[in-house]
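Taken in order, these protein sequences are the chains called A and B.
Per the numbering used here, the very first residue in the first sequence carries number 1; after that it's consecutive.
Per the numbering used here, the very first residue in the second sequence carries number 1; after that it's consecutive.
For reference, the structure discussed in these notes is given below.
There are 2 protein chains.
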Amino acid sequence: MSQKIAVVGAGFIGRSWAMVFSKAGHHVSLYDIDPVALSEAMNLLEINIADLESNGLISSKDDLLGRIQPYKTLEGAVEDAEWVQENALENVQIKRKLFSQMDELLPETTILASSTSAIPCSDISNGMKGAGRIIVAHPANPPYLLPIVELSGAPETKDETIFRAKELLEAADMEVITINKEIKGFVLNRLQVALLNEAFKLVEDGIVSGADLDKTIKHGLGLRWSIMGPMETIDLNAPGGIRDYLERFGPAFEAIAKEQSSIRPWDTSRFIKMEEERRKVMPINDLRERARWRDRRLMALTRHKEESDKHYGK
Amino acid sequence: MSQKIAVVGAGFIGRSWAMVFSKAGHHVSLYDIDPVALSEAMNLLEINIADLESNGLISSKDDLLGRIQPYKTLEGAVEDAEWVQENALENVQIKRKLFSQMDELLPETTILASSTSAIPCSDISNGMKGAGRIIVAHPANPPYLLPIVELSGAPETKDETIFRAKELLEAADMEVITINKEIKGFVLNRLQVALLNEAFKLVEDGIVSGADLDKTIKHGLGLRWSIMGPMETIDLNAPGGIRDYLERFGPAFEAIAKEQSSIRPWDTSRFIKMEEERRKVMPINDLRERARWRDRRLMALTRHKEESDKHYGK
């Protein structure tokens with residue numbers, strides 16, 4: 001089952017993928033166009049992997065690290081790879097150049113996947129000989145702690161590519177969803193945007209403070225949504241299931257949806273107050289430490305979910 | 001600190017409040033207009049409280065149960081109460097009748113709170129002598145497992161009422177947010193509606209299956225949101241905080257928000273396919289057992305959060 005996986009781009013997302021694939025037993029070749037970034041990445045990986053070990057999420061740090069090899073050339077990194085995961089800058093020209101180079105270098109059996117969060121697959125693969133094996137595999141942040149991956153192909157992407165991508169990623173303990181038509185922002189960010197769009201208005205209009213809005217999710221909706229998605233949530237919130245729920249709440253919720261439909265510009269000047277409020281709660285210099293706290297909490301939550309899945313079922 | 005709290009209406013929400021207040025050490029008088037429902041409620045409470053005990057969330061079942069007394073008259077239940085939590089049907093006439101009756105019965109020092117999820121406080125309290133001590137305290141479902149409470153007063157509600165409500169509920173381990181202006185659906189349901197409105201479109205348009213959409217939240221956004229709210233989430237997702245995040249993603253997210261602004265009717269006929277898909281995943285007869293599973297998972301998650309709060313900080 002162990003294969004060679006190439007990770008192209010050794011920034012935070014690339015490093016996360018390297019951990020995911022190495023944890024699954026694959027041999028990972030890590031490439032970055034910048035040799036300094038590459039050697040720094042190896043140091044950072046050591047820290048992250050030690051963290052995973054001390055938090056009980058992996059059994060051997062050395063095994064994981066031992067399977068990740070840095071490569072100074074793209075050619076060396078991708079040679080004989082079963083899968084390439086690309087994590088370059090979010091720039092369509094850069095990505096097209098990279099994919100067309102890899103498309104030339106690699107046999108059609110190698111899947112070429114992009115981590116892009118914003119560029120449609122066809123903008124990357126359009127017109128390439130091997131467009132059928134090119135796909136977007138968009139992870140969440142941070143990918144080594146949040147298992148979700150969104151697969152989104154271009155119209156040219158072969159069904160077999162999607163099938164094999166799902167298989168390989170699921171075998172690496174990722175939770176994979178398939179997006180059937182190309183759409184801006186895929187699914188995760190569209191859902192996030194829908195919620196944020198309303199959240200910003202509520203805070204801007206003085207209905208609720210940003211801190212209180214955060215509490216509403218953290219101690220309310222977010223707890224349920226960490227166990228089950230929004231569809232299952234409402235399916236369980238009325239005795240007759242989702243239809244019963246929508247019959248009860250549909251009219252009231254439609255009236256709310258209508259109020260929410262206006263769009264205000266997502267201009268940063270609009271968000272100055274929110275920024276000020278956040279900085280009072282958390283000075284800019286504390287963000288790094290708080291992100292570490294988040295990651296430790298996510299690791300503990302991952303352990304908890306694994307135990308609960310075993311004990312109570314999924 | 002132990003006070004007398006009256007819970008009016010012994011359905012699921014009323015019973016949950018009875019547990020919350022009893023757990024906090026208060027003496028709870030439980031009233032229902034229907035004596036059969038009242039005695040049934042006492043039996044159900046015994047089952048729920050045993051569940052809390054066996055899941056390690058309370059130390060003594062008998063203590064909790066011993067502090068909850070059923071009352072067959074409203075007058076008896078509310079007499080000498082510090083706080084009344086109302087959980088009658090979601091009908092403004094019924095609620096107005098009840099509140100006006102209680103407003104006559106009780107001194108101005110008693111806070112009268114409604115659990116309504118949809119009726120603005122002023123529609124209930126408008127014109128009443130004691131409108132200043134009437135407030136909405138809207139919990140999430142199920143209230144004894146999700147700590148969030150939304151406080152929403154009418155313009156007549158006194159600041160002191162809001163202050164005392166927050167104090168009493170926080171002392172009962174609830175997480176309290178204050179809504180500064182009356183608004184349809186308060187905050188929790190407005191955020192849920194915003195997300196559902198987009199979720200339904202994505203499923204209806206065949207972009208993603210309902211099951212995959214659920215995975216996106218359960219294994220992605222929901223994990224983060226169970227640890228921190230959406231504002232803190234984006235504040236940590238760019239090195240320079242929320243402003244930096246919005247500078248990076250604002251334009252792309254605004255384009256998505258524009259696409260999302262159209263409203264389709266929340267007519268149940270629109271949701272037949274979603275209902276069919278859910279029923280394939282989970283037959284209607286399995287919903288009850290699944291809701292029990294959800295509650296056990298929420299209890300385990302609550303224990304996990306308590307431990308993690310201690311270990312890593314909040």
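Even for Gly, the Cβ is constructed at its ideal location relative to N, Cα and C.
Count the other C-beta atoms from every protein chain shown that fall within 10 angstroms of the C-beta of residue i, then say buried if there are 16 or more, exposed otherwise.
i: proline 147(B); result: buried
i: isoleucine 134(B); result: buried
i: glutamine 85(A); result: buried
i: valine 149(B); result: buried
i: isoleucine 272(B); result: exposed
i: serine 59(B); result: exposed
i: aspartate 212(B); result: buried
i: glycine 185(B); result: buried
i: threonine 157(A); result: buried
i: glutamine 192(A); result: buried
i: alanine 171(A); result: exposed
i: methionine 1(B); result: exposed
i: arginine 297(B); result: buried
i: valine 8(B); result: buried
Mind reading off the beta-carbon distance from residue i to residue j? Whole number of angstroms is fine, and I expect it under 8 Å.
i: arginine 278(B); j: isoleucine 242(A); result: 5 Å
i: isoleucine 5(B); j: glutamate 82(B); result: 6 Å
i: threonine 233(B); j: arginine 224(B); result: 5 Å
i: leucine 169(B); j: alanine 118(B); result: In fact, because the Cβ distance is near 20 Å, the residues do not count as touching under 8 Å.
i: arginine 290(B); j: methionine 299(B); result: Between methionine 299(B) and arginine 290(B) the Cβ distance is about 15 Å, and since that is not below 8 Å, they are no contact.
i: serine 125(B); j: alanine 154(B); result: 5 Å
i: alanine 257(B); j: isoleucine 263(A); result: 5 Å
i: leucine 221(B); j: leucine 145(A); result: Not a contact, Cβ separation roughly 13 Å.
In this structure, how does DSSP classify residue i when only helix, strand and coil are distinguished?
i: lysine 258(B); result: helix
i: valine 84(A); result: strand
i: threonine 161(A); result: helix
i: alanine 194(B); result: helix
i: alanine 131(B); result: helix
i: alanine 140(A); result: coil
i: isoleucine 263(A); result: coil
i: proline 156(A); result: One detail in the question is off: residue 156(A) reads as glutamate in this sequence, not proline. Correct three-state label for glutamate 156(A): coil.
i: alanine 10(A); result: coil
i: proline 70(B); result: strand
i: histidine 27(B); result: strand
i: leucine 323(B); result: It is not possible to answer for residue 323(B), since the shown part of chain B is limited to 1 through 314.
i: isoleucine 5(A); result: strand
i: glutamate 79(A); result: coil
i: isoleucine 148(A); result: strand
i: valine 36(A); result: helix
i: glutamate 247(A); result: helix
i: glutamate 175(A); result: strand
i: asparagine 237(B); result: coil
i: glutamate 104(B); result: helix
i: methionine 282(B); result: coil
i: valine 203(A); result: helix
i: proline 120(A); result: coil
i: methionine 19(B); result: helix
Could you check the C-alpha separation between residue i and residue j for me, to the nearest Å?
i: methionine 274(B); j: glycine 14(A); result: 36 Å
i: glutamate 182(B); j: proline 120(B); result: 6 Å
i: leucine 38(A); j: leucine 64(A); result: 17 Å
i: proline 107(B); j: aspartate 34(B); result: 26 Å
i: glutamate 129(A); j: asparagine 87(A); result: The amino acid at residue 129(A) is misidentified as glutamate; the sequence shows lysine. About 21 Å.
i: glutamate 90(B); j: isoleucine 177(A); result: 38 Å
i: leucine 98(A); j: proline 139(A); result: 20 Å
i: glutamine 260(B); j: proline 230(B); result: 19 Å
i: isoleucine 284(A); j: proline 143(A); result: 24 Å
i: glycine 25(A); j: glutamate 167(A); result: 15 Å
i: glutamine 3(B); j: glycine 11(A); result: 57 Å
i: threonine 302(B); j: arginine 303(A); result: 14 Å
i: serine 152(A); j: valine 78(B); result: 59 Å
i: lysine 218(B); j: methionine 42(B); result: 34 Å
i: glycine 313(A); j: tryptophan 293(B); result: 8 Å
i: glutamate 175(A); j: arginine 190(A); result: 18 Å
i: glycine 210(A); j: valine 203(A); result: 6 Å
i: lysine 23(A); j: isoleucine 207(B); result: 31 Å
Taking Cβ positions only, does residue i come closer than 7 Å to chain E?
i: histidine 138(B); result: Of the protein chains in the structure, A and B, none is chain E.
Discussion item. Counting beta carbon pairs with one atom in the segment 248-264 of chain A and one in the segment 258-269 of chain B, are three or more of them shorter than 8 Å?
Written reply: The segment 258-269 of chain B makes contact with the segment 248-264 of chain A, as at least three CB pairs between them are under 8 Å.
Worksheet item: Quick check: the segment 194-203 of chain B against the segment 38-51 of chain B, are there 3 or more CB pairs under 8 Å?
Response: Result no; under three Cβ-Cβ pairs closer than 8 Å.
Practice prompt. Specify whether the segment 160-169 of chain B and the segment 108-118 of chain B touch according to this definition: at least 3 beta carbon pairs, one from each stretch, less than 8 Å apart.
Written response: Counting Cβ pairs under 8 Å, three or more are found: they touch.
Discussion item. Measuring CB atoms only, is the segment 294-311 of chain A touching the segment 13-32 of chain B, in the sense that at least three cross pairs come out at less than 8 Å?
Written reply: With a cut-off of 8 Å, the segment 13-32 of chain B and the segment 294-311 of chain A do not count as touching, because too few Cβ pairs lie within range.
Worksheet item: Is it a yes or a no for the segment 62-74 of chain B touching the segment 21-35 of chain B, going by three-plus beta-carbon pairs under 8 Å?
Response: With three or more CB-CB distances shorter than 8 Å, the segment 62-74 of chain B counts as touching the segment 21-35 of chain B.
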